[in-house]
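A short write-up of the structure that comes next.
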Amino acid sequence: MWGKIVEKFERYPSQIAVAKEFLKLGISVKNGKAYCGDIELVPAKIAEAIGVDRKVVISAIQNIESDEELRRVFSALKPVANIAEVARIMGCGVLEVYAESQKVGIVAAIAGILAREGISIRYILGEDPEISVESKLTVVTDSKIPGKLVDEFLKVDGVEKILIS
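Positions 117 to 281 (our numbering) are the ones given, in order, by the sequence shown.
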């Protein structure tokens, strides 16, 4: 999908930034407008947050809607809350796994280690390296994650580093 977006906006790098932010945040595009869930977003405020001109946001929305495939994708986007910071405040465990993006089985291996230890997963968010700075998996658990698991997490094929809090 990312290749299609880059192709569609290859002559408009500022619009690529808008499309990337929409994907990252789950901002949908419908009837010439941008939405976070059912809340309509103002193009000027979107532009200010992304660091582009308001007209760039409007043009990006128009370009998305002019392409059938992109329109279907962007109209179906839903926002997802990253609860990692809130989870820390609530005393839950948070595991951040930084990994090679093309490795298969990382989520299964991490979940397996936690399950074996009797640690329940409440939330998982995997960030796509094409729209995020790096490939990161965030896992929120019911309880704190014991430090004794650090070496085991690091042995999972493709895992480059982890943070536990």
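Beta carbons: idealized from backbone N, C-alpha and C, even for Gly.
* **Endpoints, the beta strand (DSSP E) within which alanine 203 is located** => Counting along the chain, alanine 203 falls outside any beta strand (DSSP E), though it belongs to the alpha helix (DSSP H) covering 200-205.
* Asked: What span of residues does the beta strand (DSSP E) with glycine 263 cover, start to end?
  -> For glycine 263, there is no enclosing beta strand (DSSP E), since its DSSP letter is neither H nor E.
* Asked: So the beta strand (DSSP E) glutamate 243 belongs to, where does it begin and stop?
  -> 237-243
* Of the listed residues Leu253, Ile240, Arg127, Leu241, nearest to valine 172 (C-alpha basis) -> Arg127
* **Cβ-based neighbour list, serine 175, same chain, cut-off 8 Å, excluding 5 preceding and 5 following** => Tyr128, Gln131
* Residues that DSSP places opposite lysine 277 in a beta bridge -> Under DSSP, lysine 277 takes part in a beta bridge, and its partners are Tyr214.
* Asked: Just how far apart, CA to CA, sit isoleucine 205 and valine 256?
  -> 12 Å
* Asked: Can you tell me whether serine 144 is buried or exposed, with buried defined as 16 or more other CB within 10 angstroms of its CB?
  -> buried
* Asked: Does the separation of the CB atoms of glutamate 212 and isoleucine 278 fall below 8 Å?
  -> yes
* Are there 16 or more other CB atoms within 10 angstroms of the CB of isoleucine 180, so buried, or fewer, so exposed? -> Here isoleucine 180 is buried: its Cβ has 16 or more other Cβ atoms, across all protein chains shown, within 10 Å.
* Asked: So, helix, strand or coil for glycine 209, using DSSP?
  -> strand
* Span of the beta strand (DSSP E), counted from its first residue to its last, around isoleucine 155 -> According to the DSSP assignment, isoleucine 155 belongs to the beta strand (DSSP E) that extends over 155-157.
* Smallest Cα separation from arginine 170: which of Lys264, Lys149, Ile229, Ile155? -> Lys149
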